[in-house]
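In terms of numbering that gives the first Met the number 0, the sequence shown is residues 0 to 277.
Worksheet: the structure to be examined is printed underneath.
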Amino acid sequence: MLQVKIAAVRSLAALSSLCAFLICGQSGAREGLFDKALFYRASDYCRGVAAGAVALSEDQTVLCLDGPIEKDADVSPAKKLIEGGLFVVRSAGGDIASSIALANVLRERRALVVVYDQCLSSCANYLLIASDRSYVLKGALVAWDYESTDPAFPSCAKLATEKTRDGDYRLQRGSCQPWSADEAHWREILLAQTAFYKERMIDPYFEPPPDNRYLRKLVKSLHPDTHAYHHIGWTLHPRYFARFFKTAIVYETYPEGQAEVDELVARLHLDMKVIYDP
Numbered sequence: 000m001l002q003v004k005i006a007a008v009r010s011l012a013a014l015s016s017l018c019a020f021l022i023c024g025q026s027g028a029r030e031g032l033f034d035k036a037l038f039y040r041a042s043d044y045c046r047g048v049a050a051g052a053v054a055l056s057e058d059q060t061v062l063c064l065d066g067p068i069e070k071d072a073d074v075s076p077a078k079k080l081i082e083g084g085l086f087v088v089r090s091a092g093g094d095i096a097s098s099i100a101l102a103n104v105l106r107e108r109r110a111l112v113v114v115y116d117q118c119l120s121s122c123a124n125y126l127l128i129a130s131d132r133s134y135v136l137k138g139a140l141v142a143w144d145y146e147s148t149d150p151a152f153p154s155c156a157k158l159a160t161e162k163t164r165d166g167d168y169r170l171q172r173g174s175c176q177p178w179s180a181d182e183a184h185w186r187e188i189l190l191a192q193t194a195f196y197k198e199r200m201i202d203p204y205f206e207p208p209p210d211n212r213y214l215r216k217l218v219k220s221l222h223p224d225t226h227a228y229h230h231i232g233w234t235l236h237p238r239y240f241a242r243f244f245k246t247a248i249v250y251e252t253y254p255e256g257q258a259e260v261d262e263l264v265a266r267l268h269l270d271m272k273v274i275y276d277p
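Structure representation (structure tokens):
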């Protein structure tokens, strides 16, 4: 279970403008909702007080998540976040059920999601689109994958047996080694996912994860013999967001190419291949 810290803010002056914005300035113009300087101050704060934990600032304006999303995670600190507060996240993903539970609370609190450094797998699939607004800071890697419902096994994928509505065969996610004993738990997760995406996606028939024909073709080409597409993720170009997500997602700077994505993967010491979506 995640450790929970109720963090004391040593210098209220550092976040005074944040408090004023969240409490008094929410009726301002839309551009005020994406204040880069504000988001960088909040991310610096989270780096300093929330290493490896969930932390809520003393004034309850900033909720930080730094690390994996654990099974049966305690999401109660999120319930204390003020309405319209910031949820600042750096995570490589984790438990699906806990991710959905946290995302649902963030939506209730109308949190503004800010991503720094990385947001992978379950973080991208659920936390990035938890609420109605998200901002990705420069240098942060957001990558989706075919997440597994069983943390004991890596994620794999296979070609669907039927064509999708766009006339193409898509890749379906799943555990590399599913166990029949886990079928009931797996079905519970699928029901939770269905409800989650129904509320947050443009297409009511959306099947996770978000991708496109280019990405499917490239993923398929990586392991043509074994068809075991694990440890593979991908970025998604912002031009696709309006097609998929109800959440307004803004990148400060989307990566310019595969070389930049490879540099981010190396800097983050990730054991995975991330495909750049041009």
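The C-beta atom is built at its ideal place from N, Cα and C for all residues, glycine as well.
Bounding residues of the alpha helix (DSSP H) (the contiguous stretch that carries residue i)
i, result
"Lys281", "The requested residue 281 does not occur in the structure, where the chain is confined to residues 0 to 277."
"Ala258", "Gln257 to Arg266"
"Ile95", "Ile95 to Glu107"
"Leu221", "Arg212 to Leu221"
"Phe243", "Phe240 to Phe243"
Bridge partners - residue i, DSSP secondary structure assignment
i, result
"Ile248", "Ser133"
"Leu85", "Val61 and Leu111"
"Trp143", "Trp233"
"Ile68", "Gly93"
Residue interval of the beta strand (DSSP E) (run including residue i)
i, result
"Val74", "Premise fails: Val74 is in no beta strand (DSSP E) and is neither H nor E."
"Tyr115", "Leu111 to Leu119"
"Asp62", "With the sequence shown as reference, residue 62 is identified as Leu, and Asp is not the correct amino acid for it. It spans Val61 to Asp65 - the beta strand (DSSP E) in which Leu62 sits, taken as one unbroken run."
"Lys272", "Lys272 to Ile274"
"Ile231", "Ile231 to Trp233"
"Asp202", "Per DSSP, Asp202 belongs to no beta strand (DSSP E) and is neither H nor E."
Nearest to residue i (by Cα), restricted to the options the options
i, options, result
"Ile248", "Pro237, Glu255 and Arg242", "Pro237"
"Arg199", "Leu217, Asp131, Glu251 and Asn211", "Asp131"
"Leu267", "Leu55, Thr60 and Gly66", "Gly66"
"Lys35", "Lys78, Ile201 and Tyr250", "Tyr250"
"Val104", "Arg242, Ser90 and Lys78", "Lys78"
"Trp143", "Ile128, Asn124 and Ala129", "Asn124"
"His230", "Tyr145, Tyr204, Gln117 and Leu55", "Tyr145"
"Gln59", "Gln117, Val48 and Pro76", "Pro76"
"Leu37", "Ala183, Asp94 and Val114", "Val114"
"Ile188", "Asp94, Phe240, Ala258 and Ala72", "Asp94"
"Gly256", "Pro207, Gly138, His184 and Asp210", "Gly138"
"Ala241", "Pro209, Ala265 and Lys272", "Pro209"
"Leu269", "Cys118, Arg46 and Trp185", "Cys118"
"Pro254", "Glu206, Phe205, Val48 and Asp116", "Asp116"
"Arg304", "Tyr239, Lys197, Tyr196 and Val112", "In the structure as shown, the chain starts at 0 and stops at 277, and residue 304 therefore has no counterpart that could be examined."
Pair within 8 angstroms by beta-carbon distance, residue i and residue j
i, j, result
"Cys122", "Val88", "yes"
"Leu136", "Leu101", "no"
"Arg106", "Glu82", "no"
"Leu140", "Leu217", "no"
"Ile293", "Ser42", "Coverage of the chain is limited to positions 0 through 277, which leaves residue 293 absent and any answer about it impossible."
"Leu221", "Trp233", "no"
"Leu64", "Gly84", "no"
"Leu235", "Asp276", "yes"
"Ile201", "Phe244", "yes"
"Ser120", "Ala91", "yes"
"Ala54", "Phe86", "no"
"Ala96", "Ala194", "no"
"Ile128", "Thr252", "no"
beta-carbon residue i near the ligand SAH non-hydrogen atom, thresh 7 angstroms
i, result
"Leu64", "Inclusion of the ligand SAH in the displayed structure is not the case, the ligand content being empty and no account of it being possible."
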